[in-house]
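Single-structure report; data block below.
Protein chains: 2
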Amino acid sequence: MAVYTEVTDEDLTRFLARYDCGELSFYKGIAEGVENTNYLVRTDSGRYILTLYEKRVDVADLPYFLSLKEHLAGRGVPCPLPVRDRAGEALGELNGRRAALITFLDGVSVRRPAPEHCALVGEALANLHLAGQSFAGKRANALGPKDWPQLYARFKFHAGDIVPGLAGLIESELAVHAGGLPGGLPRGVIHADLFPDNVLFLHGKLSGLIDFYFACNDCLAYDLGICLNAWCFAPDHRFDVAKGQALLAGYEKCRPLTAPERAAMPMLARAASLRFLLTRSYDWLHRQPGAIVTPHDPRDYIARLEFNRAARSIADFGGTP
Amino acid sequence: MAVYTEVTDEDLTRFLARYDCGELSFYKGIAEGVENTNYLVRTDSGRYILTLYEKRVDVADLPYFLSLKEHLAGRGVPCPLPVRDRAGEALGELNGRRAALITFLDGVSVRRPAPEHCALVGEALANLHLAGQSFAGKRANALGPKDWPQLYARFKFHAGDIVPGLAGLIESELAVHAGGLPGGLPRGVIHADLFPDNVLFLHGKLSGLIDFYFACNDCLAYDLGICLNAWCFAPDHRFDVAKGQALLAGYEKCRPLTAPERAAMPMLARAASLRFLLTRSYDWLHRQPGAIVTPHDPRDYIARLEFNRAARSIADFGGTP
Chain A
5 MAVYTEVTDE
15 DLTRFLARYD
25 CGELSFYKGI
35 AEGVENTNYL
45 VRTDSGRYIL
55 TLYEKRVDVA
65 DLPYFLSLKE
75 HLAGRGVPCP
85 LPVRDRAGEA
95 LGELNGRRAA
105 LITFLDGVSV
115 RRPAPEHCAL
125 VGEALANLHL
135 AGQSFAGKRA
145 NALGPKDWPQ
155 LYARFKFHAG
165 DIVPGLAGLI
175 ESELAVHAGG
185 LPGGLPRGVI
195 HADLFPDNVL
205 FLHGKLSGLI
215 DFYFACNDCL
225 AYDLGICLNA
235 WCFAPDHRFD
245 VAKGQALLAG
255 YEKCRPLTAP
265 ERAAMPMLAR
275 AASLRFLLTR
285 SYDWLHRQPG
295 AIVTPHDPRD
305 YIARLEFNRA
315 ARSIADFGGT
325 P
Chain B
5 MAVYTEVTDE
15 DLTRFLARYD
25 CGELSFYKGI
35 AEGVENTNYL
45 VRTDSGRYIL
55 TLYEKRVDVA
65 DLPYFLSLKE
75 HLAGRGVPCP
85 LPVRDRAGEA
95 LGELNGRRAA
105 LITFLDGVSV
115 RRPAPEHCAL
125 VGEALANLHL
135 AGQSFAGKRA
145 NALGPKDWPQ
155 LYARFKFHAG
165 DIVPGLAGLI
175 ESELAVHAGG
185 LPGGLPRGVI
195 HADLFPDNVL
205 FLHGKLSGLI
215 DFYFACNDCL
225 AYDLGICLNA
235 WCFAPDHRFD
245 VAKGQALLAG
255 YEKCRPLTAP
265 ERAAMPMLAR
275 AASLRFLLTR
285 SYDWLHRQPG
295 AIVTPHDPRD
305 YIARLEFNRA
315 ARSIADFGGT
325 P
């Protein structure tokens, strides 16, 4: 949520000269994305997001993210499309950072999603999974169960500062997931971070899926587990069955779940809530005093985890067993 | 350069309902302005800047700024135009802040202005001064010579941390300006902060003057003194006579200077350099460690002040005596 790398008019004009996009008519640094610097850019040919990849992003992953977006956009998934320069390159360099120009999508993300939003997200997620089946690129999930113990080790002695007893909860959950996600589930490209922030709506329709910087190859239904956590809990942390029902029905309209996926849903939702509890706890304990970005409260995910631990069947989430 | 007040889709939709501007199609927090929160907003009817006025702005001044922009825009000055809601109000409230919706101007500010830019700025400044003559509102300059001693008192014991001997320089200059700006000069509305950041260019023309939050009633030629400092020094702090010549000639094409203005120009430029040396010194000494916005280096203005002190005539700035 900041402009880490400043770009002057001269820098940008020089960068844009490599593209067939006409003359620059404005650009503004935008408060979006915690990891990267983003500018909204308008030229004679349209609106774009210019992303400068900051240090936390592994540049080796960028070709995967960019070609994935190209693949998905070409198959009707409403995601931003990287623009290639005259030499055919989607990835350039600007002010010492790897940089990409990406089409801009209209739409607004909703803070408090209604069941109708959840239904549209379920549908879009299933379409993303289907379109991803033909994508050749591979990227391992860098935040999967095998990575969680190391992440936890980096804050375990301070976990109790968040909530007394958090260390015990996390340790017992890490043991549950030590063997990884349930086996025998269909795999493919997942978004892995499809929170309300990353979905745009316009005139009652879903107009965009954005921020693919956690996308990877993993169990498809795990992505749905992430969305159940991200979309279907009320502000008071209760699970909202109407939203869960809408999300799952929307998904299954396009891609019906297999029986093992259905059976695994409570464990997948539980794993997803642990993953976000871990990263949010880490970010919370490492927050900078006075920083503009307030990290998300990890306690939201303790409540979700408790619900998911108690769930016995996909029916508890509003699905058909 | 930050989003201090967060606005959700629901907040914004509710706020926009008071205007005839159609449905929201996107909004983004933009990194612009150190003082306020700004969002770029697009609706069915066009693009706007939504400004939420943060605590450092005196709300009593807002009607002056908004009606001034309306007045100037109505007289051909390319400045943002506040949008009135259905009740005729230009100033609303959003999330506990006074807020205004203002038309968006295309264009890009130049980091390193050329003489051609200076000529266009001179012309636009003169037109602003002429159009301002019929404006009825009044606002005193809150950063004029009478305010400088108090401002200096807030950092005098640390002035030497910037450059040894700075206190002595400032104190001798404060004495020079103790009686205020030279008398007998035409007065009216001045922008008072027309730096390259606040001027937009598009296709080789000047497309916008923005950020009127220092505008006030003062000596017109003082505004030109500010611009000589802001536009006409090279990165190595030498005065660039070609730029000064262009700025002054551009100005005089629309509004010829009076003889007293011409004679006062060295003193006005000198006063302007002290004003920015004072505010930049204060901001520099009060900067937050780790803050995203790096304050401007006050030493740039020591070099300008030295030049202005040595100037004997408007000819030293490239003008006709």
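Residue numbers (our numbering), protein chains in the order written: chain A, 5 to 325; chain B, 5 to 325. The beta-carbon is built from N, C-alpha and C at its ideal position, and this holds for glycine as well.
Short CB-CB distance (under 8 Å) between residue i and chain B
i      : result
A/T9   : no
A/K32  : yes
A/S29  : yes
A/G26  : no
A/R18  : no
A/H162 : no
A/Y23  : no
A/L44  : yes
Assigned secondary structure, residue i (DSSP; H/G/I helix, E/B strand, else coil)
i      : result
A/M5   : Model confidence at A/M5 stands at a pLDDT of 43, short of 50, so the residue's coordinates are unreliable; what they give is reported in the following sentence. Looking at A/M5 - three-state DSSP - the assignment turns out to be coil, as it is neither helix nor strand.
A/P223 : One detail in the question is off: residue 223 of chain A reads as Cys in this sequence, not Pro. In this structure, A/C223 counts as strand in the three-state DSSP scheme.
A/L261 : coil
A/S138 : coil
A/E58  : coil
A/F161 : helix
B/G254 : helix
B/T324 : coil
B/S113 : coil
A/I214 : coil
A/N40  : coil
B/A2   : There is simply no residue 2 of chain B to check, as chain B begins at 5 and stops at 325 in what is shown.
A/L85  : coil
Rounded C-alpha distance that separates residue i from residue j
i      : j      : result
A/R116 : A/L224 : 25 Å
A/L252 : A/F237 : 14 Å
B/D215 : A/L54  : 25 Å
B/M5   : B/F205 : Its pLDDT being 43, under 50, B/M5 is placed unreliably in this model, and the coordinates cannot settle the point.
B/A21  : B/L95  : 14 Å
A/W288 : B/S113 : 38 Å
A/V167 : B/D15  : 32 Å
B/A307 : A/P84  : 47 Å
B/H75  : B/G136 : 8 Å
B/R291 : B/S285 : 10 Å
A/V63  : A/N145 : 16 Å
B/F199 : A/F280 : 45 Å
A/A326 : A/D304 : Here chain A comprises residues numbered 5 to 325, so residue 326 of chain A is not present and cannot be evaluated.
B/L170 : B/L129 : 32 Å
A/F19  : B/L189 : 47 Å
B/H241 : B/N40  : 30 Å
A/V245 : B/H195 : 57 Å
A/L147 : A/E58  : 19 Å
A/G33  : A/N42  : 6 Å
B/L173 : A/A103 : 45 Å
A/C220 : A/L134 : 14 Å
A/D320 : A/S277 : 16 Å
A/S29  : A/G50  : 10 Å
B/R259 : B/L72  : 20 Å
Test: residue i CB closer than 8 Å to a CB of chain A
i      : result
B/E14  : yes
B/D215 : no
B/G172 : no
B/S3   : Because chain B in this structure spans residues 5 to 325, residue 3 of chain B falls outside the shown range and cannot be described.
B/R116 : yes
B/V112 : yes
B/A35  : yes
Assumed close pair residue i, residue j - CB separation to whole angstroms, cut-off 8 Å
i      : j      : result
A/G323 : A/A273 : Not confirmed; about 11 Å, so no contact.
B/E120 : B/Y255 : No, B/E120 and B/Y255 are not in contact; Cβ-Cβ is about 14 Å, not under 8 Å.
A/G26  : A/T47  : 5 Å
A/V81  : A/L213 : 7 Å
CB contact below 8 Å: residue i versus chain C
i      : result
A/H207 : In the structure shown, chain C does not exist; the protein chains are A and B.
_Does the structure place the stretch 237 to 249 of chain A close enough to the stretch 191 to 210 of chain A that three or more beta carbon pairs sit under 8 Å?_
no
*May I ask you to verify whether the stretch 261 to 272 of chain B touches the stretch 312 to 320 of chain B, counting CB pairs closer than 8 Å and requiring at least 3?*
yes
*Mind the definition here: the stretch 173 to 189 of chain A touches the stretch 92 to 111 of chain A only if three or more C-beta pairs lie below 8 Å; say whether that holds.*
no
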